[in-house]
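J.:
Numbering (our numbering), first residue to last: 42 to 234.
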């Protein structure tokens, strides 16, 4: 299970891209060469990736399949493309979902599975830093407009991870599970600007 990541308030754009984009790609590539038959992997993405504009088809293909050591050299991944760390974070998290989908084929050839979870606003130290930051009011509005009307908990994500890593999910591979308490649904149904 890959959980390492930087939030937008923790680092500048180049570091967010290095950890949140390249780090995931490296883990998927390396574990994809050693994962055993029956194995399962999981990457923590983010609901933020669901709010990033869709990639053009060729950019999506490159982000999904470029060798990890070439990923940050792609024109679309240039740090200068991002106004701030928040934009780089959403970009990286959407790209993570693409990487997992692409990696699922190679993992499948070894008899293994890999998926991602896109958590929403979860009660962690990282989230508390974000809630205290310049985008805190917007995050609180997302929580208030969500179906759950609360912060998610680490236990909410752990339950989803436990399922995806279990034999009960043996037919699920290359999939992103959005665990956000309904925030994305609220945005898409116009309950939240």
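Ideal Cβ positions, reconstructed from N, Cα and C, are used throughout, including at glycine.
Write down every uninterrupted run of the alpha helix (DSSP H) in the stretch 192-231 whose length is 4 residues or greater and which is fully enclosed by it, in chain order.
T.: 195-206, 224-229
J.: Since residue 159 sits in a beta bridge, which residues does DSSP pair it with?
T.: Translated into positions along the chain shown, residue 159 becomes position 118. DSSP, once it has assigned bridges, lists 219 as partnering residue 159.
J.: Straight-line CA distance for residue 219 to residue 138?
T.: Translated into the one-based positions of the chain shown, residue 219 becomes position 178. Translated into the one-based positions of the chain shown, residue 138 becomes position 97. So the alpha carbons of these two residues sit roughly 11 Å apart.
J.: Can you have a look at residue 61 and say buried or exposed, based on whether 16 or more other CB atoms are within 10 angstroms of its CB?
T.: To locate residue 61, count along the chain shown from 1; it is residue 20. The residue in question, residue 61, is buried, as its Cβ has 16 or more Cβ neighbours within 10 Å.
J.: On the DSSP bridge assignment, give the partners of residue 82 in chain order.
T.: Within the chain shown, numbered from 1, the residue matching residue 82 stands at position 41. 155.
J.: Using the three-state DSSP reduction, which class does residue 43 fall into: helix, strand or coil?
T.: The residue you call residue 43 lines up with position 2 of the chain shown. Note: residue 43 maps to strand in three-state DSSP.
J.: Can you give the beta carbon distance from residue 57 to residue 126, rounded, assuming they're within the 8 Å contact cut?
T.: Sequence index remark: in the chain shown, residue 57 carries index 16 (1-based). Sequence index remark: in the chain shown, residue 126 carries index 85 (1-based). Here residue 57 really is in contact with residue 126; their C-beta atoms are around 5 Å apart, less than 8 Å.
J.: In angstroms, rounded to a whole number, what distance separates the CA positions of residue 45 and residue 53?
T.: The count along the chain shown starts at 1 and reaches residue 45 at position 4. The count along the chain shown starts at 1 and reaches residue 53 at position 12. Cα to Cα, the separation comes out at about 16 Å.
J.: Let me see if you follow: with CB-CB separation under 8 Å, is residue 145 close to chain B or not?
T.: No chain B appears in the structure shown, which is made up of a single protein chain.
J.: Could you check the C-alpha separation between residue 96 and residue 88 for me, to the nearest Å?
T.: Along the chain shown, one-based indexing puts residue 96 at 55. Along the chain shown, one-based indexing puts residue 88 at 47. Whole-angstrom Cα-Cα distance: 16 Å.
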